[in-house]
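Below is one structure; the comments refer to it alone.
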Amino acid sequence: MRVLVGVGGGIAAYKAAELVRALQKRGHDVQVVMTAAAIEFIQPLTFAALTGKKVITSLFSRDSATDTLSSAVEHIGVAQEHDVLLVAPATADILSKFAHGAADDFLTTVHLAFAGKVILAPAMNTVMWNHPAVQENLKVLATRGYSIVDPDEGWLACGTVGAGRLADPERIVEFLDSLHNKRRDLEGEQVLVTAGPTQEAIDPVRFISNRSSGKMGYAIANAAAQRGASVVLVSGPVAIPPPPNVELVSVHTAEEMRAAVMERLGAATIVIKNAAVADYHVSDIPKQKLKKTATRLSLELDPTPDILAELGQKKGDRLLIGFAAETDNLLDEARRKMTTKNCDMLVANQVNREGVGFEADRNEVDIVTRDGRVIHAGPADKSEIAERILDQVATLRLHLHASAPA
Ligand SMILES: Cc1cc2nc3c(=O)[nH]c(=O)nc-3n(C[C@H](O)[C@H](O)[C@H](O)COP(=O)(O)O)c2cc1C
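Numbering of the sequence shown is given in the working numbering, commencing with residue 342 and proceeding in unit increments.
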């Protein structure tokens, strides 16, 4: 792939050299653009030597022979010649400029002229990273479809420990490759995904539901299909389109969801139960609309079927992955649910945090496995969280295949 690497003016700029090497090792063709601040941290010569190409450092390039401004509209040509724009480190300043459409140097201008995939690998001090302005900018960029490779946690150059360290260059390259050359590690698998809320009628016009948007389950279904699986998506009512190459089964109530899941369970090798199924429903739904009166109205609710528990009982040798949306004691609840529901893996997300979880485009989860491992993922786009979950699913599947008698 032709990758345009933008280097921002952060302390991690030196790591961009390692990133360029890692990209080249995977066969990518790299052109480097540096901001003026980046040059304060690392010499363009380093990148020129690595890539064998002149590093672009200015919007107004000069013809060295005549010392006059070049007439070429270089930023448009460069934008058209590349498949991916990868910015690492993406400083707080670059995130702000990209979010607001600034065009005051080569990188920000080529960004506006660029129609391909944009990947941002931010790096900064933890307090800067957590600043609402930075987080707002990230949100804007994520909703535009930009991919954010979240920084790692660890020792930072400023002498503190926390989130903000540029993601490992290998991880950035892996992410870039996974976007364009999806692994087919779920080929041959039949994946059954449930997503969205359920709606439980109170009367012919009203219902009880919850705030699940379906975005996480849809991202998982999409990613599983791209990784080669045959996917059935059983979904409650949501406002998003189904992913391509996925068989959609639309349901409304918990009972309908149970029936649809059990009907398709036979063929499934992997079940990912992400739907936020109502726990209670009205058994005797009146035929007439309830009239408004001045007196208190009580609803008599009965428990809905526990789909995950039933799936656990009927598990056989298929993989069962559950979700736990909790507000407290996240990991304890996840472990408890994994055991009682006989799941192989539990994805736990805390739903009372701003910007992640229900309705949001981003998520932050702990993936708890049966062997006691906890893998933290995010905060990141739900599409990236879906990939991280499926990485664990594919690994589990591999172990199962490896340990099955020949
Ligand atoms: C020593 C030093 C280290 C810095 N490290 C970072 C950093 O890691 N991340 C960041 O967002 N800004 C960092 N900054 C601030 C940026 O350099 C500054 O915001 C600059 O305007 C960014 O320019 P850019 O848009 O070219 O990236 C640092 C500044 C200094 C002086």
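Ideal Cβ placement from N, Cα and C applies to all residues, glycine included.
Just how far apart, CA to CA, sit Lys614 and Val592? In the sequence shown, residue 614 corresponds to position 273, counting from 1. In the sequence shown, residue 592 corresponds to position 251, counting from 1. Cα to Cα, Lys614 sits roughly 14 Å from Val592.
Classify Asn478: buried if its beta carbon has 16 or more other beta carbons within 10 angstroms, exposed otherwise. Indexing the sequence shown from 1 puts residue 478 at position 137. Under this definition Asn478 is a buried residue.
Taking Arg525 as the reference, which of Leu517, Gly569, Gly558 and Arg485 has the closest Cα? Here residue 525 is taken as the residue at index 184 of the sequence shown, counted from 1. Closest option to Arg525, Cα to Cα, is Gly569.
Quick check on Arg738: does DSSP put it in helix, strand or coil? The residue labelled residue 738 in the question sits at position 397 within the sequence shown. Helix, per DSSP.
Specify the secondary structure class of Gln567 as computed by DSSP and reduced to three states. The residue given as residue 567 occupies position 226 in the sequence shown. Three-state DSSP puts Gln567 in a helix.
Whose C-alpha, out of Glu725, Leu739, Leu737 and Arg703, is nearest the C-alpha of Ser519? As a working note, residue 519 is residue 178 in the sequence shown. Looking at the Cα atoms, Glu725 is the closest of the given residues.
Just to confirm, is the Cβ distance from Ala420 to Phe382 under 8 Å? Along the sequence shown, read from residue 1 onward, the residue named residue 420 stands at position 79. Along the sequence shown, read from residue 1 onward, the residue named residue 382 stands at position 41. Going by C-beta atoms, Ala420 is not nearer than 8 Å to Phe382.
Mind reading off the beta-carbon distance from Ala454 to Ala431? Whole number of angstroms is fine, and I expect it under 8 Å. Start at 1 with the first residue of the sequence shown, and residue 454 comes out as number 113. Start at 1 with the first residue of the sequence shown, and residue 431 comes out as number 90. With a Cβ gap of about 18 Å, Ala454 and Ala431 do not count as contacting.
Buried versus exposed, by CB contacts within 10 Å (16 or more), Thr484: Residue 484 sits at position 143 when you count from the first residue of the sequence shown. Label assigned to Thr484: exposed.
Can you tell which of Ala357, Leu436 and Gln540 has the C-alpha that lies nearest to the C-alpha of His622? The residue labelled residue 622 in the question sits at position 281 within the sequence shown. Here the closest residue by C-alpha is Gln540.
Count the other C-beta atoms from every protein chain shown that fall within 10 angstroms of the C-beta of Pro582, then say buried if there are 16 or more, exposed otherwise. The count along the sequence shown starts at 1 and reaches residue 582 at position 241. Exposed is the call here.
Compute the distance between the beta-carbons of Gln365 and His423, then report whether it is under 8 Å. Against the sequence shown, residue 365 aligns to sequence position 24. Against the sequence shown, residue 423 aligns to sequence position 82. It is not a contact, given that the beta carbons lie outside the stated cut-off.
By alpha-carbon positions, which one of Val514, Tyr487, Pro473 and Ala464 ends up nearest to Asp493? Counting from one through the sequence shown, the residue named residue 493 turns up at place 152. Nearest option by C-alpha distance: Ala464.
Enclosing beta strand (DSSP E) for Ala504 [first to last residue]: Counted from its first residue, the sequence shown places residue 504 at position 163. Looking at the DSSP string, the run of the beta strand (DSSP E) that includes Ala504 is Val502 to Arg506.
Let me know if Asp445 comes out buried or exposed under the rule of 16 or more other beta-carbons within 10 Å of its beta-carbon. Counting from 1 along the sequence shown, the entry for residue 445 is found at position 104. It counts as exposed.
Rounded to a whole number of angstroms, what is the C-alpha to C-alpha distance between Met686 and Met469? Start at 1 with the first residue of the sequence shown, and residue 686 comes out as number 345. Start at 1 with the first residue of the sequence shown, and residue 469 comes out as number 128. So the alpha carbons of these two residues sit roughly 34 Å apart.
Under 7 Å Cβ to Cβ from Leu507, same chain only, skipping five residues before and after it: list those, please. In the sequence shown, counting from the first residue as 1, residue 507 sits at position 166. Around Leu507: Ala353, Lys356, Ala429, Pro430, Ala462, Ala464 and Pro492.
If you drop the 5 nearest sequence neighbours on each side, which residues of the same chain put their C-beta closer than 7 Å to that of Arg659? As a first step, residue 659 must be located in the sequence shown, where it is residue number 318. The answer, listed in chain order, is Ala609, Thr610, Ile611 and Val612.
Look up Asp518 in the DSSP assignment and give the residues it is bridged to. On the sequence shown, residue 518 is found 177 positions in, with the first residue counted as 1. Answer is none; Asp518 lacks a bridge partner.
Where the alpha helix (DSSP H) containing Ile435 begins and where it ends: Taking the first residue of the sequence shown as 1, we reach residue 435 at position 94. Start and end: Ala433 to His441.
Pick from Asp625, Ala456, His472 and Ile435: whose alpha carbon is nearest that of Ile543? As a first step, residue 543 is located in the sequence shown; it is residue number 202 there, counting from the start. Out of Asp625, Ala456, His472 and Ile435, Asp625 has the C-alpha closest to the C-alpha of Ile543.
Exposed or buried, what is Val348 when buried is set at 16 or more other beta-carbons lying within 10 Å of its beta-carbon? Looking up residue 348 in the sequence shown gives position 7. Per the 10 Å Cβ criterion, buried.
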